[in-house]
Amino acid sequence: DSCRKYYNHYLQSQSNTTQQQDATKKPILPYDYLHKEVAQRLAERLDDICVRDEGFPLALEVGAGAEFLHDAIIDGCDDDLMLESDDDDNAENVGGRGGIRKLVQIDSCSAMLHRDDVFAEEIKAKDEKNSTVCETFKLVANLDENPLPFPDGTFDLVISSMAFHWVNDLPRLLSEIERVLKPDGCLLFALPGGNTLPELRSSIVLSELERAGGVSTHVGPYIGLSNIGSLLTGTGFQLPTIDVDDIRIGYPNAFVLMEHLDRMGEGNASMNRRDRVGLGTFVGAACVYRELYPAEEGNHSEGIVASAQIMYGIAWKEHESQQKPKDRGSATVNMTDISVTKTSANDK
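Count along the sequence shown starting at 1, add 293, and that's the number in this note's numbering.
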């Protein structure tokens, strides 16, 4: 419903002939709805983990894209959520969600990183209070091949939304993130899981088997839920916590779904994908999709439904204040000494 709200908001703004829009908000592009929704849910988790009085003053966003996370960090920050500056000379610089005062945004694509700069400048010029909730610094760098251009122990928080699945060498990047975090620093991220778009995947496989006699990669690849914890612990992070959201979105048909995936930048980027797929395969996949996965059970006229498994992860850099397991062999109770009494319903 939230994703549909973003898209409907865009359609209403396009049909508005007076072109009178809120000057304090960026225009919502028609294919940003999923990234905006995930960024908003990720930013809400900052309210749950920010137990420090000072929050996370300096944060790094990996794979920043078009500032979806920055907008979510400052969006809805009322007087109860915003942290005021202790420095009277810098009172106009207050913190957003999680106490983030400065956000360094890094991405490998300059065009995406600076896509909405013109809107940000217009909003800042019309801001009567002239206050900065969360100051940003943008940097273009290759996340796959080069180390992060920051010294050890620089950031209080590293955050990433819908970017890790585009990194070829994720263990190396996680090791770099662990290096630039301060002790007891936090890593907070969201990425699509392995059970994302199962309807589209199976529909294309069935159609391609019938039309071409074989299958190839068309969706993903995505990381499985069972691999996230081992990736985090294997790169030195402590106390990993993973939770999953299943987001279901309705579309008129499979062709509209594939168009949206392409235009939101979530198309197939596998190196071993086929150079060309026949039109008949896609038509067949759309028919299979409509029959197997209608938006309403038994009603094929209401379009289709697509599922996205979004995994949210929280992990911390090692620090002496964190709870740790006791040494091996230090237990004082033997498991064989524990007795279990079985009772049935009739005994009660």
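Yeah, the Cβ is synthetic: ideal placement off N, Cα and C, and Gly gets one too.
This one's a predicted model, so the numbers in the text were calculated from it and none came from an experiment.
query: Look at the alpha carbon of S523 and the alpha carbon of A365, and state the distance between them as a whole number of angstroms.; result: 29 Å
query: Does the Cβ-Cβ distance between A332 and L362 come in under 9 Å?; result: yes
query: Between the Cα of P476 and those of H328, H612 and L327, spot the shortest distance and give me the residue it belongs to.; result: H612
query: Can you tell me where the alpha helix (DSSP H) with S454 in it begins and where it stops?; result: Segment F448 to S454 is the beta strand (DSSP E) holding S454; no alpha helix (DSSP H) there.
query: Using the Cα positions of S519 and T528, report the straight-line distance between them to the nearest angstrom.; result: 16 Å
query: Within this structure, are the beta carbons of L339 and I399 separated by less than 9 Å?; result: no
query: Between M375 and F349, what straight-line distance do the alpha-carbon atoms span, to the nearest angstrom?; result: In this prediction, M375 has a pLDDT of 45, which is less than 50 and means its spatial position is unreliable; what the coordinates show is noted afterwards. Taking the straight line joining both Cα atoms gives about 12 Å.
query: Please state the DSSP three-state secondary structure of A404.; result: helix
query: Tell me whether the region 595–611 and the region 543–556 touch, counting them as touching only if at least three CB pairs, one residue from each stretch, are closer than 8 Å.; result: yes
query: Just grab the DSSP bridge partners of C479 for me.; result: L450 and W609
query: Decide yes or no for the touch test of the region 556–571 against the region 498–510: beta carbon pairs closer than 8 Å, at least 3 of them.; result: yes
query: By a C-beta neighbour count over all protein chains shown, 10 Å radius and 16 as the cutoff for buried, is E438 buried or exposed?; result: exposed
query: Do the CB positions of I603 and P485 come within less than 9 Å of each other?; result: yes
query: Given that a residue counts as buried once 16 or more other Cβ atoms are within 10 Å of its Cβ, and exposed if not, what is R345?; result: exposed
query: Does the distance from the CB of A483 to the CB of G606 come in under 9 Å?; result: yes
query: Can you tell me whether Y299 is buried or exposed? The criterion is at least 16 other CB atoms within 10 Å of its CB, across all chains shown.; result: Bear in mind that the predicted position of Y299 carries a pLDDT of just 48, short of 50, making it too unreliable to give a figure here.
query: DSSP three-state label for M375, please.; result: Model confidence at M375 stands at a pLDDT of 45, short of 50, so the residue's coordinates are unreliable and nothing is read from them.
query: Helix, strand or coil for E595 per DSSP?; result: strand
query: Cα-Cα, which of T447, S454 and D445 is closest to L335?; result: S454
query: I'd like to know whether the C-beta atoms of G446 and W609 end up nearer to each other than 9 Å.; result: no
query: Tell me A601's beta-bridge partners as DSSP assigns them.; result: I540
query: What residues match up with A352 in a beta bridge as DSSP calls it?; result: L396 and L450
query: What residue does the alpha helix (DSSP H) around D327 start on, and which one ends it?; result: Note that residue 327 is Leu in the sequence shown, not Asp. Taken as a continuous stretch (DSSP letters only), the alpha helix (DSSP H) holding L327 covers Y326 to I342.
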